[in-house]
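J.: Using the working numbering, you'd call the opening residue of the sequence shown number 3 and step up by one each time.
All C-beta atoms, glycine included, are put in the ideal place defined by N, C-alpha and C.
Please see the structure below; I have some questions.
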Amino acid sequence: FTRSVIKTTTTTSQTTPLSLPSIFTCAGRINGYYSDPIHCHKFHYCGTGWHSVMECDKGLAYSVREHDCIPIELTNCNINKTKNK
C-alpha cells in the first residue's frame, strides 16, 4: 500500500485601502454621527469605545442636518467646485 502526500501552501496578505487620512477623532464627543472636517464624502460614527468611518457614494457629501448623504452641490463642502474644461 502506497500513500501520496500532498503539500499545500496558503499565503495570506492584508490589504490596506488607499484612502486619504483624516484628522477626525471621537475624543470628547458624545455618541452619534459627525461629518469629516476635511473630506466631505466621509462621515464618522462615535460609539462608546469605538469609531467607525463611512463614505458616501461618488458625487455625494454627508450632511449633518439631513443625517444622510446628499448631492455635494447642496452642501457647504470645502471642495473646489470648478468645472473641468
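Kindly indicate the opening and closing residues of the beta strand (DSSP E) around L62.
T.: Here the beta strand (DSSP E) through L62 covers 62–65.
J.: Helix, strand or coil for I32? Go by DSSP, reduced to three states.
T.: I32: coil per DSSP, three-state reduction.
J.: DSSP on I74, reduced to helix/strand/coil?
T.: If DSSP states are grouped into helix, strand and coil, I74 belongs with the helices.
J.: Distance, Cα to Cα, M31 vs C48?
T.: Contrary to the premise, residue 31 reads as Arg rather than Met in this sequence. Distance between the alpha carbons of R31 and C48: 7 Å.
J.: Using three-state DSSP, classify F26 as helix, strand or coil.
T.: The answer is coil: DSSP assigns F26 none of H, G, I, E or B.
J.: For E68, does the three-state DSSP call read helix, strand or coil?
T.: Three-state DSSP puts E68 in coil, outside helix and strand.
J.: Among T50, G51, A29, S24, which residue has its Cα nearest to the Cα of D38?
T.: Nearest of T50, G51, A29, S24 to D38, Cα basis: S24.
J.: Determine, using beta carbons only, whether I74 comes closer than 8 Å to chain D.
T.: Judged by its chain identifiers, the structure shown contains no chain D, having just a single protein chain.
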